[in-house]
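S.K.: Quick note: the sequence shown uses our numbering, first residue 152, plus one each step. C-beta: ideal position from N, C-alpha, C; glycine also. Nothing here was measured: the structure is a model prediction, and the numbers come from that model.
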Amino acid sequence: MNGRSWLRLGSATYPVAAQVAAAPAAPLTLEQAWTQATAHNKEVQMQRQQVELSAELVKDRQNERLPRVGARGSYAYLGGLVAYEAHAWLQNPEGVAVPASSHAVRVGLEADWEVYTGGRIKNQIASQVANEVLETERLTLTASDVRLRVATAYLDVQRNQEYQALTANNVKESQRRLKQIQSLYKNGVVLRSDLLRAELQLSQQQLLLTEIGNTLTLTNQRLNILLGAPEDQANQLAPLRLPTTALDNSYADYLDQAQAKAPELR
152 MNGRSWLRLG SATYPVAAQV AAAPAAPLTL EQAWTQATAH NKEVQMQRQQ VELSAELVKD
212 RQNERLPRVG ARGSYAYLGG LVAYEAHAWL QNPEGVAVPA SSHAVRVGLE ADWEVYTGGR
272 IKNQIASQVA NEVLETERLT LTASDVRLRV ATAYLDVQRN QEYQALTANN VKESQRRLKQ
332 IQSLYKNGVV LRSDLLRAEL QLSQQQLLLT EIGNTLTLTN QRLNILLGAP EDQANQLAPL
392 RLPTTALDNS YADYLDQAQA KAPELR
């Protein structure tokens with residue numbers, strides 16, 4: 152009885168585990184792809200470290216204005232010492248014990264402060280601050296470049312997925328049409344050239360479907376590389392929602408704004 156119930160339990164829980172393993176992943180949005188790529192991109196990480204290094208150098212230059220203070224001390228314990236009077240050891244070689252304290256302490260403090268340096272420290276601080284601003288701009292430019300590449304790969308994957316679905320429907324339609332033409336050809340309604348034309352069209356569409364699949368694999372691998380994910384990971388992309396609001400400014404206004412603020416046009 153126990154053996155039968157154990158077998159039934161095993162057969163009942165197996166499909167549940169299979170269903171959990173086959174559960175689809177959540178769709179990947181473009182914003183999530185941007186966040187993941189920025190967090191894993193080596194160029195962004197290196198540039199972020201450069202910004203942190205520049206900030207530390209600014210602090211080091213600012214600390215040079217402060218006075219340099221140093222303290223030192225020493226401690227010694229004197230034990231088992233005897234003192235001898237001058238030339239007295241000839242008459243009294245036993246000596247006299249030292250009555251002073253056996254603890255010796257020495258403490259010292261020194262300070263160094265540059266009163267005037269001719270503006271050297273001030274110029275160094277200004278130079279490091281400008282370098283920090285420059286590294287921050289480079290970080291922004293690097294992150295924007297990564298976002299652009301991710302958006303390009305993301306849209307390429309979506310475009311090829313839509314193209315693949317459309318071509319697959321065309322292949323099914325061509326197969327259905329080919330069966331009809333084959334039936335008509337057997338009945339002598341159409342010519343053999345019509346049959347060959349339908350077969351050629353189906354072959355071309357199947358070849359195109361294969362090419363789209365290969366292109367989709369390459370674009371998906373490129374997206375995974377940017378995301379820091381395994382190359383063979385299949386991505387389920389969320390549909391894009393394009394804004395439907397009208398533009399507030401004219402083309403000339405946006406062109407002037409790009410020339411004034413775009414890092415590539417500065």
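R289: which of N375, Q183 and S205 sits nearest, CA to CA?
M.R.: For this step, residue 289 is matched to residue 138 along the sequence shown. Minimum Cα distance to R289 is reached at S205.
S.K.: Check whether the region 211-230 touches the region 252-264, counting contact only when three or more Cβ pairs, one atom from each stretch, lie closer than 8 Å.
M.R.: Yes: the two stretches touch, three or more of their Cβ pairs being nearer than 8 Å.
S.K.: If we ignore side chains and look at the alpha-carbon of each, how far apart do Q200 and L358 end up?
M.R.: Here residue 200 refers to the residue found at position 49 of the sequence shown. Here residue 358 refers to the residue found at position 207 of the sequence shown. Going from the Cα of Q200 to the Cα of L358 covers about 48 Å.
S.K.: Determine the extent of the alpha helix (DSSP H) in which E313 is found, giving its start and end residues.
M.R.: Taking the first residue of the sequence shown as position 1, residue 313 is located at position 162. Looking at the DSSP string, the run of the alpha helix (DSSP H) that includes E313 is R271 to K337.
S.K.: Within 10 angstroms of the Cβ of T291, are there 16 or more other Cβ atoms? Answer buried if so, exposed if not.
M.R.: Here the question's residue 291 lines up with position 140 in the sequence shown. Answer is exposed; the Cβ neighbour count stays below 16.
S.K.: Any chance the region 183-191 sits against the region 294-302, with 3 or more Cβ pairs inside 8 Å?
M.R.: The answer is yes - the region 294-302 touches the region 183-191, with three or more Cβ pairs under 8 Å.
S.K.: Enumerate, from N- to C-terminal direction, the unbroken beta strand (DSSP E) stretches of 3 or more residues contained entirely within the region 367-408.
M.R.: Runs found: none.
S.K.: Less than 8 Å between the beta carbons of A122 and L377, yes or no?
M.R.: No statement about residue 122 is possible, as the shown extent of the chain runs from 152 to 417 and does not include it.
S.K.: Apply the 10 Å Cβ neighbour rule to V202 and answer buried if 16 or more other Cβ atoms are within range, or exposed otherwise.
M.R.: The count along the sequence shown starts at 1 and reaches residue 202 at position 51. By the neighbour-count rule (16 or more Cβ atoms within 10 Å), V202 is buried.
S.K.: Can you round the beta-carbon distance between S325 and Q372 to whole angstroms, since I take them to be within the 8 Å contact cut?
M.R.: Translated into the one-based positions of the sequence shown, residue 325 becomes position 174. Translated into the one-based positions of the sequence shown, residue 372 becomes position 221. About 30 Å separates the two Cβ atoms, so there is no contact after all.
S.K.: Nearest CA to the CA of K210: which residue from S401, E283 and L391?
M.R.: The residue labelled residue 210 in the question sits at position 59 within the sequence shown. For the residues S401, E283 and L391, the minimum Cα distance to K210 belongs to E283.
S.K.: In angstroms, rounded to a whole number, what distance separates the CA positions of T368 and Q196?
M.R.: Locating residue 368 in the sequence shown gives position 217, counting from the first residue. Locating residue 196 in the sequence shown gives position 45, counting from the first residue. Roughly 28 Å separates the two Cα atoms.
S.K.: Could you give the residue range of the beta strand (DSSP E) that holds L204?
M.R.: Taking the first residue of the sequence shown as 1, we reach residue 204 at position 53. First-last for L204: K193 to N214, but that is the alpha helix (DSSP H), not the beta strand (DSSP E).
S.K.: Could you give the DSSP three-state label for E505: helix, strand or coil?
M.R.: Residue coverage of the chain in this structure runs from 152 to 417, which leaves residue 505 outside it and unanswerable.
S.K.: For S401, count neighbouring Cβ atoms within 10 angstroms of its own Cβ and tell me buried if that reaches 16, exposed if not.
M.R.: Locating residue 401 in the sequence shown gives position 250, where the first residue counts as 1. S401 comes out exposed.
S.K.: Could you compute how far the alpha carbon of Q408 sits from the alpha carbon of D399?
M.R.: Taking the first residue of the sequence shown as 1, we reach residue 408 at position 257. Taking the first residue of the sequence shown as 1, we reach residue 399 at position 248. Their Cα atoms are separated by approximately 13 Å.
S.K.: Looking at the structure shown, is P175 part of a helix, part of a strand, or coil, going by DSSP?
M.R.: Walking along the sequence shown from the start, residue 175 turns up at place 24. Note on P175: pLDDT 40, under 50, position unreliable in the model; the coordinate value appears next. Correct three-state label for P175: coil.
S.K.: Measuring straight from C-alpha to C-alpha, what distance separates R212 and P218?
M.R.: Here residue 212 refers to the residue found at position 61 of the sequence shown. Here residue 218 refers to the residue found at position 67 of the sequence shown. So the alpha carbons of these two residues sit roughly 13 Å apart.
S.K.: Please confirm if V341 has its CB atom under 8 Å from at least one CB of chain D.
M.R.: Chain labels in this structure do not include chain D; a single protein chain is all it has.
S.K.: Can you look up A255 in the DSSP assignment and give me helix, strand or coil?
M.R.: Along the sequence shown, one-based indexing puts residue 255 at 104. Three-state result, A255: strand.
S.K.: Please report the distance separating the alpha-carbon of N338 from that of L353.
M.R.: On the sequence shown, residue 338 is found 187 positions in, with the first residue counted as 1. On the sequence shown, residue 353 is found 202 positions in, with the first residue counted as 1. So the alpha carbons of these two residues sit roughly 21 Å apart.
S.K.: Sort R223, Y314 and A277 by Cα distance to S362 and report the nearest one.
M.R.: To locate residue 362, count along the sequence shown from 1; it is residue 211. According to the sequence as given, residue 362 is Glu; it is not Ser. Out of R223, Y314 and A277, Y314 has the C-alpha closest to the C-alpha of E362.
S.K.: For the beta strand (DSSP E) that V220 lies in, which residues bound it at each end?
M.R.: On the sequence shown, position 69 is the one that residue 220 refers to. Its beta strand (DSSP E) spans residues R219 to Y228.
S.K.: Could you tell me the distance, in whole angstroms, from the CA atom of L317 to the CA atom of K323?
M.R.: For this step, residue 317 is matched to residue 166 along the sequence shown. For this step, residue 323 is matched to residue 172 along the sequence shown. About 10 Å.
S.K.: Could you name the residues that DSSP lists as bridge partners for D263?
M.R.: Taking the first residue of the sequence shown as position 1, residue 263 is located at position 112. Paired residues: R219.
S.K.: For R343, count neighbouring Cβ atoms within 10 angstroms of its own Cβ and tell me buried if that reaches 16, exposed if not.
M.R.: Taking the first residue of the sequence shown as 1, we reach residue 343 at position 192. Exposed: under 16 other Cβ atoms inside 10 Å.
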